[in-house]
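As structure tokens, the structure follows; a few thoughts come after it.
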Amino acid sequence: MKKATLTIILILVLTLSLQAAELNPSAQVLKENMTAGYIVIKSIAILEWPNDPSMQLFEINKQCEAAFDLFLIAGDFEKVDVDLYFAALQKWSYDNSADENFNHMVEWFNTMMKDDPSILSTFFEMPVDWNMMKYEYEKQLKAKAAF
């Protein structure tokens, strides 16, 4: 019994460590199809975790996944709370880019409402802590629904 349990634990640990050593599907799609956005996310990860490739990879995966989640949220015009979304964007924008990111998102929303896909990939090019923005948006949305 102990041997079987240890074998299962070992397999799980090895599987998780192998998965952690590669880009997740969100990061892979961004890297292959929306290179400029991937480069922004990768550059920030390298700045935040110099000389630590495993943390850079972890950060890239986490940020790409959150960015895609936020992209889907923004694209659902009937459900997105635009005020909370923009507040989270401004709060978690990097390097004094909040105003520029805000203007970019206004343009992005207006273009998406016209069904113009030309600006689609530029969503990911904003310097934002996507993971924290997603957390902030979801936290505020939950709080707003509570009253």
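Residue numbers are given in the working numbering: position 27 of the sequence shown equals residue 36, and the series is strictly consecutive.
Just so you know, even glycine gets a beta-carbon here, dropped at the ideal spot from N, CA and C.
Only a predicted model underlies this, so the values are computations on that prediction, with no experimental measurement involved.
C-beta atoms of residue i and residue j nearer than 8 Å
i	j	result
Ala54	Glu68	yes
Glu74	Ser35	yes
Leu93	Leu150	yes
Lys88	Glu145	no
Ala76	Trp139	yes
Val38	Glu134	no
Leu98	Met141	no
Simplified DSSP state of residue i, which is helix, strand or coil
i	result
Ser52	helix
Phe148	Here residue 148 turns out to be Lys, not Phe, going by the sequence shown. Lys148 falls in the helix class under three-state DSSP.
Glu87	coil
Leu21	Confidence at Leu21 is low in this model, with a pLDDT of 46, below 50, so the placement of that residue should be treated as unreliable; the coordinate-derived value is given next. Of the three classes helix, strand and coil, the one that applies to Leu21 here is helix, per DSSP.
C-alpha distance - residue i paired with residue j, whole-angstrom precision
i	j	result
Asn70	Leu32	6 Å
Ser63	Lys40	17 Å
Phe132	Ala155	30 Å
Ala83	Pro59	32 Å
Met43	Asp108	23 Å
Ala30	Tyr47	17 Å
Val137	Phe86	21 Å
Ala152	Asp90	13 Å
Alpha helix (DSSP H) segment containing residue i, residue limits
i	result
Ala5	The chain is shown from 10 up to 156; residue 5 falls before or after that span and cannot be answered.
Identified DSSP bridge partners for residue i
i	result
Val137	Ser102
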